[in-house]
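Worksheet: the structure to be examined is printed underneath.
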Amino acid sequence: MGFWSLFKVASMPIVQVLIISVLGAFMATDYLNLLNSDARKSLNKIVYAVFTPSLAFACLAKSVSFQDIISWWFMLVNIGITFFVGATLAWIASKIIKTEPHIQKLVMAMCSSGNLGNILLIIIPATCNEDGSPFGDKTVCSSLGLSYATFSMSVCKF
1 MGFWSLFKVA SMPIVQVLII SVLGAFMATD YLNLLNSDAR KSLNKIVYAV FTPSLAFACL
61 AKSVSFQDII SWWFMLVNIG ITFFVGATLA WIASKIIKTE PHIQKLVMAM CSSGNLGNIL
121 LIIIPATCNE DGSPFGDKTV CSSLGLSYAT FSMSVCKF
């Protein structure tokens with residue numbers, strides 16, 4: 001598989017997200033006056049409180065069993081260690097740079113959570129669908145890989 005075909009496969013999800021984002025941003029402007037400020041805030045709350053968890057659990061229900069969750073115990077430990085180390089480093093950094101008290105908790109939250117696995121949702125399908133992939137059958141690789149990534153994301157978000 002050549003560079004440009006890999007580039008096309010890897011950039012397609014990003015281009016799709018950008019197109020939807022630009023369309024949504026245009027619809028939210030005062031030029032169209034389609035969504036006022038209160039509607040945007042309510043829609044934002046619905047997306048984060050309802051749609052995102054629903055999407056994560058719908059993906060998990062298809063391919064993750066209780067036995068899989070038990071066998072992935074190390075992910076929970078790894079995420080716990082990541083949060084603990086990140087929070088400790090954030091606390092040290094906030095003491096060194098003397099952050100304002102009203103943003104100290106925000107700094108700790110941002111440093112402790114980090115980016116825990118969102119990029120896997122783009123990398124796994126591209127890797128599994130590549131010719132000569134070392135991970136076996138494309139459908140099994142994609143299904144198990146995406147369920148693994150979705151599980152790690154859902155654990156991080158809740």
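First residue of the sequence shown: 1, per full-length UniProt numbering; consecutive thereafter. Note that beta-carbon positions come from the ideal geometry of N, C-alpha and C, so glycine has one too.
Beta-carbon proximity of residue i to residue j, cut-off 8 angstroms
i           : j      : result
Leu144      : Ser54  : no
Ser94       : Met110 : no
residue 184 : Ala90  : Nothing can be reported for residue 184: it is not among the residues displayed for the chain, which extend from 1 to 158.
Ser112      : Phe83  : yes
Phe26       : Leu32  : yes
Leu60       : Ser147 : yes
Arg40       : Ala49  : no
Phe151      : Trp72  : yes
Three-state class that DSSP yields for residue i in the structure shown
i      : result
Ile31  : Just to set this straight, residue 31 is Tyr in the shown sequence, not Ile. Coil.
Phe135 : coil
Trp4   : helix
Trp91  : helix
Boundaries of the alpha helix (DSSP H) in which residue i is found, first to last residue
i     : result
Thr99 : Counting along the chain, Thr99 falls outside any alpha helix (DSSP H), and DSSP gives it neither H nor E.
Ala39 : 37-46
Phe51 : Run containing Phe51: none; DSSP gives neither H nor E here.
Ser65 : That residue, Ser65, is in no alpha helix (DSSP H); it is neither H nor E in DSSP.
From the options, residue whose alpha carbon lies closest to that of residue i
i     : options                : result
Ser5  : Cys141, Ser142, Ala126 : Ala126
Ala87 : Gln104, Ser65, Gln16   : Gln104
Alpha-carbon to alpha-carbon, residue j and residue i
i      : j      : result
Cys128 : Asn44  : 33 angstroms
Thr52  : Met12  : 21 angstroms
Ile96  : Leu106 : 16 angstroms
His102 : Val85  : 22 angstroms
Ile69  : Cys141 : 17 angstroms
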